[in-house]
Each structure stands twice: as C-alpha cells, then as structure tokens.
Amino acid sequence: MKNILILLGLLLTNVSFGQESANGLKMISDYSSENSEIRDILQFEGIEYLKLKFVGKELKDRS
1 MKNILILLGL
11 LLTNVSFGQE
21 SANGLKMISD
31 YSSENSEIRD
41 ILQFEGIEYL
51 KLKFVGKELK
61 DRS
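Take the sequence shown: its position 61, counted from the start at 1, is 61 in UniProt numbering, and no numbers get skipped.
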C-alpha cells in the first residue's frame, strides 16, 4: 500500500511540473468576439472563434 501511494505521489508531481514552461513562451487565448451580434451569429452557426497570442523573448524576429 505504501509503494502505491509513493508511486501515485511521484506521478502527480511529474504531471504537475511537466506542464511548466521552461523556455518562457506563453500562449494567451481569448474566446469569441467582443461584438455581441457577431458572437451570437457564431454561436448559432456552431463556429468556435479563438484569438490566440504567443508571447516570449524567443519569438523575436520569427515569422
């Protein structure tokens, strides 16, 4: 039982630290449009609209 708890603890810490950004890149997302009419039309048509923004020092001079 003790071995199972230790294994579970190691697995949880590995998963939580595995998602940490090591290189400083971040992705920021905003859902839908700020215009309520466009947002309603997109929702009615079943279209998902996301605004994505990538920030970080490593992205300078990249296309």
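For each residue, glycine too, the CB sits at the ideal point set by N, CA and C.
Measure the beta-carbon distance from residue i to residue j and round it to whole angstroms, keeping in mind my assumption that it falls under 8 Å.
i          : j          : result
residue 36 : residue 50 : Not a contact, Cβ separation roughly 17 Å.
Which residue's Cα is closest to the Cα of residue i: the options?
i          : options           : result
residue 57 : 26, 47, 34 and 32 : 26
Tell me which same chain residues have a C-beta within less than 6 Å of the C-beta of residue i, skipping the five on either side of it?
i          : result
residue 52 : 29
Suppose the cutoff is 8 Å on Cβ atoms and the five residues either side in sequence are ignored; what does the same chain contact list for residue i look like?
i          : result
residue 24 : 56, 57 and 58
residue 42 : 32, 33, 48 and 49
Report task. Could you tell me which uninterrupted alpha helix (DSSP H) segments, each at least 4 residues in length, are contained entirely in the stretch 26-57, listed from first to last along the chain? Result -> 36-45
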